[in-house]
Structure formats: C-alpha cells, structure tokens
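Mapping of the sequence shown onto the numbering used here: position 238 corresponds to residue 243, and the numbering continues sequentially without gaps. Step one of this worksheet: look at the structure below.
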Amino acid sequence: MPFKNIIGHERPTRILKTALRRNSLAHAYLFYGEEGIGKRLVAKALAQAVNCAAKPLEEHLADDACGECSACLHTESETHPDFVSLEPEGTMIKIGQVRALQEQIQLKPMAGRYRFVILNEAETMNEEAANALLKVLEEPPGQTILVLITSQPHTILPTVVSRCQKIRFTPLTEQQVMMLLKQKKSCDPSQLGRVAALAMGRIGLALELDPKTLEAEWLKFSQILLGDSSGDMEELLGLAQEYAHDREATQRALQWIGLWLRDLLTIKIQSKPSFVLTGSSSPPEADELLKASTKLDVEEIMAFASLIHWIWKALARNINRQLALEVLLMQIRHTIKRAS
Ligand SMILES: [Zn+2]
Numbered sequence: 006m007p008f009k010n011i012i013g014h015e016r017p018t019r020i021l022k023t024a025l026r027r028n029s030l031a032h033a034y035l036f037y038g039e040e041g042i043g044k045r046l047v048a049k050a051l052a053q054a055v056n057c058a059a060k061p062l063e064e065h066l067a068d069d070a071c072g073e074c075s076a077c078l079h080t081e082s083e084t085h086p087d088f089v090s091l092e093p094e095g096t097m098i099k100i101g102q103v104r105a106l107q108e109q110i111q112l113k114p115m116a117g118r119y120r121f122v123i124l125n126e127a128e129t130m131n132e133e134a135a136n137a138l139l140k141v142l143e144e145p146p147g148q149t150i151l152v153l154i155t156s157q158p159h160t161i162l163p164t165v166v167s168r169c170q171k172i173r174f175t176p177l178t179e180q181q182v183m184m185l186l187k188q189k190k191s192c193d194p195s196q197l198g199r200v201a202a203l204a205m206g207r208i209g210l211a212l213e214l215d216p217k218t219l220e221a222e223w224l225k226f227s228q229i230l231l232g233d234s235s236g237d238m239e240e241l242l243g244l245a246q247e248y249a250h251d252r253e254a255t256q257r258a259l260q261w262i263g264l265w266l267r268d269l270l271t272i273k274i275q276s277k278p279s280f281v282l283t284g285s286s287s288p289p290e291a292d293e294l295l296k297a298s299t300k301l302d303v304e305e306i307m308a309f310a311s312l313i314h315w316i317w318k319a320l321a322r323n324i325n326r327q328l329a330l331e332v333l334l335m336q337i338r339h340t341i342k343r344a345s
C-alpha cells in the first residue's frame, strides 16, 4: 500500500518521503513503537516506493509508489524478488537466517533498484545473530535497505541500534482507527467508537478481533474487578495467567484496567460523567462503573494508576508478568470489597 493510502503515521511517512525526494535514504532503519500499530505497513510502503516501476529505474525516485505497477503489486504480495522479510523461526531470529541474508544481499538487486529487507520482531535476534547483523550494518552493501521492526528497541544490541536511523511510531488516534475500521470491515456503526476505544490505537488488534470478542474480553475484566460472580478469586488468578502469556497481552490488560480507572475518575470528578472508555454516556457497564465509583476514592484510583505505570515500566526489565497482574487485580478487588 503506497504512503498516500496509509492512515496515520504522518511523521514517519514525512521523514521517509523527504529522504526519497532528496535521495538520502539510510541503509538501515529501526522502526519502533507498540505492536500492532502499522510499522510493517509503512515499511512495505517504503519498499514499494524504492522499487516502483512507474518511472524508469535510472530516473530519480518519486516520493511515493504508484501502487499499481507489477513491481508494486509483487511487493504488496511479498513475491517481489528483491523483497525479503525475515521472521523469527520459532521464538527467535537465528544466526543461520542472518548469514543467509548476508549472502543474499551481496548480489545486486534482481529486478528493482534496491534489495529491501524487513526484519520483523528484531528484538528476538539472539546475540550471535545480532553480531552477524552488525557486520552487515558496518559495511552495508550498496543498493540494500534494511528495516528492523521492533516494539522493544531497548533490548536490541546498542551497537546495532546506533547504526540504524531510528523512527518512532505511535498508536493511531481513535478517529484514525475508526476510519480504518469503516474502510476495512462491516463493523456495526454504533460499535465503531467502542471498538476503537478498546483497541487503544492498535489497528492490528481492532481488525483482528471482532467487536463482540473485544467487548467480551473487556467485560470479563470489568466483572472480575467488581467481583460480583462467585468463585471470583479463581477467576481473577485465571485472568492474570491468561494475560501474562506475552508482553503485549499484559500491556493490553494494563491499558484496559487503566481505562477503567480513568472512567471511574471521570465519574468522581465530573458532575455529568462522559465515559472516556466508550466516548458515550451510557456504555453497557455504566451501572457497574457507577457502582464501582462509590467504592474507590480518588486517592485510591490514583494509587492504582501509579501501580499500573510502575508495572508498565518494569515490563521492560522482564518482571514476572503473572505475579504483577495478580497483585494489581487482587489489590483493586480487595479495595472494592472492603468498601462493600
Ligand atoms: Zn509502482
């Protein structure tokens, strides 16, 4: 998809288009930012732009692809001979993969102007693989562009990072997610705002899950936090376990609890509460939110928000995610119960 069709990511797109116009592309980029927000999509737009055949190969690059020529279509479907996408094999990118890549990029591009390499989840390179990649970055072969994609730039070998031009990606706004949802699938219009809010700028998540699933997931949190159901402790521990399986899931849980607290705070301090979470004044769980708001005071809500912030930062240091979620959920539950 050419840059012109991408919704959001204005800043990264502007930087790349400027480099295209000035013919000053870097050999290597590091695209970093949360998972599921569209980093790979922008990388592919760049791949299309550098190898688009709408203009003769020897002419100066345009700052965007046509999106229609055969080179663009092959890049889109990832069948272009000069397009390489490296994914982790199992849980990591291994040295064998980087060595194979090393050999491949010694050769001239086969059809386009550049060999274009995307390294997905670059943080999964083990040390050997990262060191092999470092060699490539130290003496980059001409006519090759590498894009490392990661949600965890701080876990990548600093010497690798320092040889890449870093471009930060931020989640889309709710409006942008809504626009995309409208474009991409037949989402019930009355649900658009809610799905966009629950997906929190992660278009990947919004598209992947159907509104009902997202909503069901969210309601599960809401109910367990309020603890109306029986056997709730087991449920709570089960929920912590479920959301501890990877970092992204844990972040999602933290953001949801954060949104829930934000709505509670809104109820507390506004005479006419409008719910941040849903952008509407009467989400399905409005009654429950109102009930919960009577059981937590502003200081308690702020304290939980700080705890979430602390856990979020600690995730980068590989804390025990399940334990952290359990403690957070139990503390909230306990505080609500005590007030009941
Ligand atoms: Zn084209």
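The beta carbon of each residue, even a glycine, is placed where N, CA and C say it ideally should be. Just so we're clear, the structure is a prediction, and the values are computed from it rather than from any experiment.
Remark: the shortest separation between the CB of Glu73 and any heavy atom of ligand 1 falls under 7 angstroms. Residue state for Gln170 is assigned as strand, using DSSP reduced to three classes. Contact check between the segment 244-264 and the segment 287-306: fewer than three CB pairs, one atom from each, fall below 8 angstroms, which does not count as touching. When only Cα atoms are considered, Ala48 and His32 end up about 13 angstroms apart.
Residue Leu334 holds the alpha-carbon nearest to the alpha-carbon of Trp265 among Leu334, Asn10, Gln327, Ile316.
Counting C-beta pairs with one atom in each stretch, the segment 169-181 and the segment 202-218 have three or more that are closer than 8 angstroms, which means they touch.
Bridge pairing for Glu94: Met97 [DSSP]. If you check the C-beta of Ala116 against ligand 1, you find no heavy atom less than 7 angstroms away. Per DSSP, the beta bridge partners of Phe88 are Phe121.
Listed as beta-bridge partners of Leu35 by DSSP are Leu153, Lys171. In the DSSP assignment, Met183 forms no beta bridge with any residue. Contact fails between the segment 65-74 and the segment 123-134, because fewer than three Cβ pairs, one in each stretch, are under 8 angstroms apart. A Cβ-Cβ separation of about 5 angstroms places Asp87 in contact with Arg120 under the 8 angstroms criterion. Shortest Cα-Cα distance from Arg252 to any of Ser195, Gly41, Phe8 involves Gly41.
Going by beta carbons, Phe226 and Val152 fall outside the 8 angstroms limit. For Leu62, there is no enclosing alpha helix (DSSP H), as DSSP marks it with neither H nor E. In this structure, the straight-line span from the alpha carbon of Gly147 to that of Leu139 is close to 16 angstroms. Apart from the 5 residues on each side of it in sequence, Ile123 sits with its Cβ closer than 6 angstroms to the Cβ of Ala48, Ser90, Val152 in its chain, given in chain order. Met115 sits in coil when the DSSP states are folded into three classes, being neither helix nor strand.
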